[in-house]
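Working notes, structure below.
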Amino acid sequence: MCECSSRAIDLPKIPPPKGRTVGDALHVGDELGLGQSLKGGAYTLTLQNDGNLVLSEPSGTVVWSTSTHDQGVERAVLQADGNFVLYKGGGAAWSTETNGREADRLVVQPDRNVVLYSKDGKALWSSGSNTDNPIQAEPEAAPVEDTPPPPPEAPAARTHTVAPGETLWAIAEQYYGDGNRYTDIAAASGIGNPDMIGVGQVLTIP
């Protein structure tokens, strides 16, 4: 097992992880695969593709790691026996050495600490990387709601100038294909008696 320092580690900056973030905690039976992360506040705990488990700031600065790069680590598991273990093909590469302690969850906290808690909330292990001045997490952008399109404008009212011999029935058939709709034209044009229309009269066709 390796001993991991709680002080900032002089490692090159890494870009923000591109793998899947699975929340801020692992519970018993959960595991991280290569490229997967936990995120608490502004800090991200990532099992890198090189097998190193690193806690990093948003800028990519590493503040803690298990120093297990290039050792063939494939996954990190919170076991039922309470031990948090990084496994490689031939066995364990690193662990919190907490087997038999009834651990419940491993949490990445906003104060930059990674803590293994028991079911009753007791801290069983920590990375010791907490700070009194943690970086504040950027607020998540609110989802952009699709703006509904404006309702279509009402079509402009048409007009019709009465020609000799025309009737409202005939005009309704011309515009609607239904003579029975002459009442619509009469109502829109303010005509009280549909039989009384005159040549040259301008009708509104709704």
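If you're matching positions, the sequence shown starts at 1 in UniProt numbering and goes up one per residue. From the three backbone atoms N, C-alpha and C, an ideal C-beta is built for every residue, glycine too.
- CA-CA distance, V115 to D146, rounds to 41 Å.
- Judged by DSSP secondary structure, T66 falls outside any beta strand (DSSP E); it is assigned neither H nor E.
- Here the segment 39-59 makes contact with the segment 104-124; the two share three or more CB pairs at distances below 8 Å.
- When secondary structure is reduced to three states using DSSP, L86 falls in the strand class.
- By the C-beta criterion, the segment 64-71 is judged to be in contact with the segment 82-94, since at least 3 inter-stretch pairs fall below 8 Å.
- Counting C-beta pairs with one atom in each stretch, the segment 174-182 and the segment 135-144 have fewer than three that are closer than 8 Å, which means they do not touch.
- Within the same chain, and ignoring the five residues on either side of I197 in sequence, the residues whose Cβ sits closer than 8 Å to its Cβ are V162, E166, T167, L168, I191, L203.
- The beta carbons of L26 and S37 sit no closer together than 8 Å.
- Nearest C-alpha to L34 among R181, A170, Q109, Y87: Y87.
- The beta carbons of A76 and L32 sit closer together than 8 Å.
- Of the candidates K122, S126, P110, the residue whose Cα lies closest to the Cα of D132 is P110.
- In this structure, L78 places its C-beta atom within 8 Å of the C-beta atom of G29.
- With a 10 Å radius around the Cβ and a threshold of 16 neighbouring Cβ atoms, D81 comes out exposed.
- Between A137 and G41 the beta-carbon gap is near 5 Å, inside 8 Å, which marks them as a contact.
- Ranked by Cα distance from N83, the first of G89, E74, A103, G90 is A103.
- CA-CA distance, P134 to V85, rounds to 27 Å.
- The shortest CA-to-CA distance from G121 to any of G179, P148, E74, V107 is the one to V107.
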